[in-house]
Amino acid sequence: MSSALLIEQLLNGLQLGVMLFLMAAGLTLIFGVMGLINLAHGSLYMVGAFACAWVAAETGSFWIGLVASLAAAAAMGAIVEIAIIRRLYKRDHLDQVLATFALILIFSEGTRWVFGSVPLYLNVPSQLAGFVTLPGGSRYQLYRLAIIGVGVAVALGLYLLISRTRLGMRIRAGESDREMIGALGVDIRTLYTIVFALGAALAGFAGAMVGALQSVQVGMGEPVLILAFVVIVIGGIGSIKGALVGAILVGLIDTMGRFLMPQIFSLFLGTSQAATAGAAVASMLIYIVMAIILAVRPQGLFAKG
Amino acid sequence: MKKIVAAGLFGLSLSASGLAMAEPVKIGMITTLSGGGAGLGIDTRDGFMLAIEQAGNDEIEVVIEDDGQKPELAVQIADKMIQSDQVDILTGIVWSNLAMAVVPSATAQGKFYVSTNAAPAALAGANCHPMYFNAAYQNDNLHEAAGEYANGQYEKMFIMAPNYPAGQDSLTGFKRYFKGEVTNEVYTQVGQTDYAAEIAQIRDSGAEAVFMFLPGGMGIAFMKQYAQSGVDIPVTGPGFSFSQDVLPAIGDAALGVKNSGQWAPDFDNEASKAFLAAFQEKYDRLPSIYAVQAYDAAQLILSAAAKADVKDADAFAAAMMEADIQSPRGDFSFNTNRHPIQDIYMMEVVKDGDVLTNATVEKVFDDHGDAYAEQCTQ
């Protein structure tokens, strides 16, 4: 194994990690502030990807598509919050899970109705096409490097938003005592809508960026949603810092597992068995890690209180 | 009075025609019509229905349902089709993991299953069944051809497939004939959409070529990411990875890729020309290999239904075995395990005008069966 390969795999893990962070940040923010479990978060990821693919195909510009994905996901998030989610805050988690699961089905069938079952394709923008040569001689896809950069910038932006702005102060206040900030005269309904739309926009943004690497199809959000839940359970539900650390951890473990597990198994098994068994264990690895972390720290790595 | 007589005559004519024609046959098609694998299922459906419509036989009824590429859904649909729709024959499943979930229980309940694509090794050998026919191939076949063809070209290969029955059959089949060195044998997750980790391994492997079996959306995602990665090792694969349903989405990145298959649009036989013209006329696109396989599956069922009653399982199975059809693929007959014996070719992705398609390069195997037929004793 060469160091170039190791560096490339670390970057791949990091790229998956920051993508998951964009999903997990919204999920954990919504849970932290409103106490809501939102299964439909993956659908907002899908909405962003479809908006980007469709607008990019119509206008010929990926960048306009990217802006459209942010706008569409945020708008969809706000509409859903006002129309449906708002009624769920006082209900227990089971009701929330049922209602947001229904939303997944509605979003999936609705998207299939509008765009059909055949996947859409979104190309990497020409400015970010190709690869760069890294120090040490290994090559890396420029677009993936850009995703890492964007993810880090969003993490920094979120940190500044929450720690330095008035909105952030209200979000933090909402996290620690919901009734009290309502009593202090903060318009809590608007705050909730803003937080929900912000989370939705992050998910839609992630969907659009990943859409250019993969195919844009109905149901693309659910596998990512499951990973995002693993991330926030590991990181501690409600903690943005936990979401960041959890996402990078999950991204690295998943990528390194896929690549190292078959090699570890090949020390004591034949090549073919090692390859199948290694691949099978690699796909469970993040859940094993989650189970271990839950056993040692049930509240997650960075839970509050 | 006139009315009654007319009705009586009508009734008589119905029963008379009923006597003249074969018994009605109800076919249940379970295939993938949504998600990343939808292209395969749509071609399966369209190829199958083309043959049914050409036959113009009102006694054949087909019910079609979407399995969404989910095994649990396929099982539910199969139960419903067997119990409430009372179908005689099931068909259409694209994916081997779904076939493994559905086929053994369907044949155990006395229903025929005629596969249009999925052909796991587990159903071809010791666990073969007199009511299970495969109109497509045995999973290993195209990979065997790719392995045989690679012998003259490359010494070191990187091989990769999804971790499910057809993926394991794929790499087994490739290695059965390839005599060079396999640098890496990699299994990916079914439905995986990001191949960054695998592409990094390809870059590092020192292989001269990559053999990859990634059907449907998986192959599209891989080829797009591979083209962007700066790795310039040639890719080869079975026809599934470069069939007509995925070529438009992969785009020019697929040009020149060698892949193995049993049919390409440039085949020079009458059945192929007629099929190609009819398919293009009806659907306004080029058919993929899945469409050909489903077309032949329907032809096989039609030919058997004309000779025997589907309710008489032994007679119907014997009629199926005769394989009395003109396949666009050319020579086609059934092996002792009810899997095809056919020729397998190497194709190359070319551009015909603006359309990407496959052109025949050379025949790799003549009248090729499969490695499991001997183990099938029932």
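Note that the protein sequences, when read in sequence, are chains A and B.
Heads up: the first sequence begins at 16 in the working numbering, then just goes up one per residue.
Heads up: the second sequence begins at 19 in the working numbering, then just goes up one per residue.
Quick reminder that beta carbons are idealized off the backbone N, C-alpha and C, glycines included.
{"Item": "Under 8 Å between beta-carbons, which chain B residues line up against PHE146 of chain A? List them in chain order, please.", "Value": "GLN246, SER247, GLY248"}
{"Item": "Counting only beta-carbon atoms, is MET38 of chain A nearer than 9 Å to chain B?", "Value": "no"}
{"Item": "Measure from the alpha carbon of GLY172 of chain A to the alpha carbon of each residue in A:GLY236, A:VAL245, A:SER123, A:ILE255, then state which is nearest.", "Value": "A:ILE255"}
{"Item": "Chain A partners of VAL367 of chain B, CB-CB under 8 Å?", "Value": "Those do not exist, as VAL367 of chain B stays about 18 Å from chain A at its closest Cβ, beyond 8 Å."}
{"Item": "My output table needs one value for GLY131 of chain A: the three-state DSSP class, helix, strand or coil.", "Value": "coil"}
{"Item": "Tell me where the alpha helix (DSSP H) around ARG154 of chain A begins and ends.", "Value": "From DSSP, ARG154 of chain A is part of no alpha helix (DSSP H) but of the beta strand (DSSP E) over 154-156."}
{"Item": "In angstroms with no decimal places, state the Cα-to-Cα distance between MET39 of chain B and ASN75 of chain B.", "Value": "Model confidence at MET39 of chain B stands at a pLDDT of 48, short of 50, so the residue's coordinates are unreliable; what they give is reported in the following sentence. When rounded, the distance between both Cα atoms is 9 Å."}
{"Item": "Give me, in chain order, the residues of the same chain whose beta-carbon lies closer than 6 Å to that of TYR207 of chain A; leave out the 5 immediate sequence neighbours on both sides.", "Value": "MET49"}
{"Item": "Give the secondary structure of TYR172 of chain B by DSSP, where H, G and I count as helix, E and B as strand, and everything else as coil.", "Value": "coil"}
{"Item": "Under 9 Å, Cβ to Cβ, is there at least one residue of chain B near GLY320 of chain A?", "Value": "Note that GLY320 of chain A has pLDDT 47, beneath the 50 cutoff, so the model's placement of it is unreliable and no number is given."}
{"Item": "Could you give the first and the last residue of the continuous beta strand (DSSP E) run that contains ALA227 of chain B?", "Value": "227-230"}
{"Item": "Using CA atoms only, rank isn't needed, just tell me which of B:LYS369, B:PHE383, B:MET365, B:PHE334 is closest to PRO358 of chain B.", "Value": "B:PHE383"}
{"Item": "Going by beta carbon distance, what residues of the same chain come within less than 7 Å of GLU23 of chain A, once the five residues before and after it are set aside?", "Value": "SER153, TYR155"}
{"Item": "What number of angstroms, rounded off, separates the C-alpha of GLY151 of chain A from the C-alpha of ALA218 of chain B?", "Value": "15 Å"}
{"Item": "How far does the alpha helix (DSSP H) with VAL48 of chain A in it reach, from first residue to last?", "Value": "18-49"}
{"Item": "Which partner residues does SER178 of chain A have in the DSSP bridge list?", "Value": "Paired residue(s): none; SER178 of chain A is not in a bridge."}
{"Item": "If the cut is a Cβ gap below 8 Å, which residues of chain A does ILE70 of chain B touch?", "Value": "The premise fails here: ILE70 of chain B is roughly 22 Å from chain A at the closest Cβ pair, so nothing lies under 8 Å."}
{"Item": "Roughly how many whole angstroms lie between the Cα atoms of ALA154 of chain B and ALA295 of chain A?", "Value": "29 Å"}
{"Item": "Along the chain, where does the beta strand (DSSP E) that runs through ILE45 of chain B open and close?", "Value": "43-49"}
{"Item": "At the level of alpha carbons, what is the spacing between LEU118 of chain A and ALA87 of chain A?", "Value": "16 Å"}
{"Item": "Please state whether DSSP places HIS161 of chain B in a helix, a strand or coil.", "Value": "helix"}
{"Item": "Using beta carbons (cut-off 9 Å, strictly below), is PHE317 of chain A in contact with chain C?", "Value": "The structure shown contains no chain C; its protein chains are A and B."}
{"Item": "Which residues, in order along the segment 279-293 of chain A, keep a beta-carbon less than 7 Å from a beta-carbon of chain B?", "Value": "THR286, SER287, ALA290, THR291"}
{"Item": "Against chain B, which members of the segment 116-141 of chain A pass a CB distance test of less than 7 Å?", "Value": "ARG127, SER132, VAL133, PRO134, TYR136, VAL139"}
{"Item": "Using the beta-carbon count (16 or more within 10 Å), is TYR150 of chain B buried or exposed?", "Value": "buried"}
{"Item": "Buried or exposed for SER35 of chain B, please, with buried defined as at least 16 other CB atoms from any protein chain shown within 10 angstroms of its CB.", "Value": "For SER35 of chain B, the predicted model reports a pLDDT of 41, less than 50, meaning its position is unreliable; a value from the coordinates is still stated below. Classification for SER35 of chain B: exposed."}
{"Item": "Within 9 Å of any Cβ in chain B, is that where the Cβ of PRO238 of chain A sits?", "Value": "yes"}
{"Item": "What are the boundary residues of the alpha helix (DSSP H) that includes ASP370 of chain B?", "Value": "Run containing ASP370 of chain B: none in the alpha helix (DSSP H); it sits in the beta strand (DSSP E), 358-370."}
{"Item": "Using only the alpha-carbon positions, how far apart do MET38 of chain A and SER58 of chain A sit?", "Value": "11 Å"}
{"Item": "Give me the chain A residues within the contact set of ALA142 of chain B, using Cβ-Cβ distance strictly less than 7 Å, ordered along the chain.", "Value": "Here the premise fails: no neighbours, minimum Cβ distance about 19 Å."}
{"Item": "Using alpha carbons as the reference points, say which of B:GLY224, B:PHE130, B:SER114, B:ASP270 lies closest to PRO180 of chain B.", "Value": "B:SER114"}
{"Item": "Measure the alpha-carbon distance for SER133 of chain B versus ASP64 of chain B and round it to whole angstroms.", "Value": "15 Å"}
{"Item": "Counting contacts by CB-CB distance shorter than 9 Å, is ARG221 of chain B in contact with chain A?", "Value": "yes"}
{"Item": "Counting pairs of Cβ atoms below 8 Å between the segment 25-39 of chain A and the segment 206-220 of chain B, do you hit three or more?", "Value": "yes"}
{"Item": "By how many angstroms is the C-alpha of GLY269 of chain B removed from the C-alpha of SER132 of chain A?", "Value": "20 Å"}
{"Item": "Taking GLU203 of chain B as the query, report the chain A residues whose CB atoms sit under 7 Å from its CB, ordered along the chain.", "Value": "THR286, SER287, ALA290"}
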